[in-house]
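Okay, so here's the structure we're looking at.
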Amino acid sequence: MSASVLFDQLKASAAEDWDAYVHHPFVTRLGEGTLPLAAFQDYLVQDYLFLLQFARAGALAAYKADGLEGIRSAADSLTAILTETALHVRLTASWGIDRECLESADEKTGTVAYTRFVLDAGMAGDALDLQVALAPCAIGYAEIGTALAPRLAERDDHPYGEWIAEYAGQEFQASAAEAGARLDELAGDHLPARRWARLERIFRTATRMEAAFWQQALD
Numbered sequence: 001m002s003a004s005v006l007f008d009q010l011k012a013s014a015a016e017d018w019d020a021y022v023h024h025p026f027v028t029r030l031g032e033g034t035l036p037l038a039a040f041q042d043y044l045v046q047d048y049l050f051l052l053q054f055a056r057a058g059a060l061a062a063y064k065a066d067g068l069e070g071i072r073s074a075a076d077s078l079t080a081i082l083t084e085t086a087l088h089v090r091l092t093a094s095w096g097i098d099r100e101c102l103e104s105a106d107e108k109t110g111t112v113a114y115t116r117f118v119l120d121a122g123m124a125g126d127a128l129d130l131q132v133a134l135a136p137c138a139i140g141y142a143e144i145g146t147a148l149a150p151r152l153a154e155r156d157d158h159p160y161g162e163w164i165a166e167y168a169g170q171e172f173q174a175s176a177a178e179a180g181a182r183l184d185e186l187a188g189d190h191l192p193a194r195r196w197a198r199l200e201r202i203f204r205t206a207t208r209m210e211a212a213f214w215q216q217a218l219d
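Sequential numbering from 1 applies to the sequence shown in full-length UniProt numbering.
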């Protein structure tokens, strides 16, 4: 998990929205194993398309980086996103959906809105704006994975066990910790009030869009 001062401050400032995201009925039912398979399938296809756009955001982070270390950090983040897509490809292949069909699927409105918001935040702002927009996904999924991991011990045949294990796993948890450290490094020791207000708006919007992304699958 992230041990980021800035992330914790942002999460606290958006506590109600954050709670609606990480405790969304989609997440609760996924953990219980009662989420309808059709909803999970719809989510996973859209999440694959989502990650393609987030990979572009990772490349943008490298462009926005100040110095070689920032570029290297962005490259590591991009690699983690590309690794994450392998889970989606494995699971969708088990349903008879090959990569070509996966990539030719139409993006739903919520997918477009969220991913383009993140890209716009990065294009219009700086590296910190972009990382804050990415944080609810990059760090939030690690929090959700950790929260749901005990569910795996309750049943050997958990229908969403592979998904939970992915985000509770050491590799994703380490990636989330790196994302948190990157936030603090970019923020420095002090943020002026106006700068904080902008970051808070970006974070809150991205968090609300995460919850809407879950709801899109349920709908």
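Note that the Cβ used here is the ideal one computed from N, Cα and C, for glycine as well.
In its own chain, which residues sit with a C-beta less than 7 Å from the C-beta of residue i, not counting the 5 before and 5 after it?
| i | result |
| --- | --- |
| Leu130 | Ala57, Leu60, Ala61, Lys64, Ala121, Gly122 |
| Gln41 | Trp95 |
| Ala74 | Gly58, Ala61, Ala62, Ala65 |
| Asp126 | Lys64 |
| Asp76 | Glu178 |
Could you say which of the options lies nearest to residue i if we only look at CA atoms?
| i | options | result |
| --- | --- | --- |
| Ala142 | Glu100, Val27, Ser13 | Val27 |
| Leu134 | Ala147, Arg155, Leu183 | Leu183 |
| Trp196 | Leu128, Glu178, Ala177 | Leu128 |
| Gln215 | Lys11, Gln46, Ala12 | Gln46 |
| Arg155 | Ser13, Gly33, Val5 | Gly33 |
| Ala177 | Gly31, Leu68, Ala80 | Ala80 |
| Gln173 | Ala147, Ala153, Arg194 | Ala147 |
| Gly67 | Lys11, Glu185, Arg194 | Glu185 |
Taking the C-alpha atoms as reference points, what is the distance between residue i and residue j?
| i | j | result |
| --- | --- | --- |
| Asp17 | Arg116 | 20 Å |
| His24 | Gly145 | 14 Å |
| Ala181 | Leu218 | 33 Å |
| Gln9 | Ser104 | 39 Å |
| Gly169 | Phe54 | 20 Å |
| Ile97 | Ser175 | 28 Å |
| Gly31 | Ala124 | 37 Å |
Taking the Cβ atom as the reference point for each residue, do residue i and residue j lie within a distance shorter than 8 Å?
| i | j | result |
| --- | --- | --- |
| Tyr114 | Phe7 | no |
| Ile139 | Ala149 | no |
| Leu119 | Thr85 | no |
| Tyr48 | Leu102 | yes |
| Tyr21 | Glu210 | yes |
CB-CB under 6 Å to residue i, same chain, minus the five flanking residues each way: which ones, in chain order?
| i | result |
| --- | --- |
| Arg29 | Leu35 |
| Leu199 | Val132 |
Segment contact, 8 Å Cβ cut-off, at least three pairs: the region 21-38 with the region 149-169
The region 149-169 and the region 21-38 touch, with three or more beta-carbon pairs separated by less than 8 Å.
Per the contact definition of three or more C-beta pairs closer than 8 Å, is the region 85-94 in contact with the region 185-205?
Contact between the region 185-205 and the region 85-94 is absent, because fewer than three Cβ pairs lie under 8 Å.
The region 106-113 in contact with the region 197-207 per 3-pair CB rule at 8 Å:
The region 106-113 vs the region 197-207: no contact.
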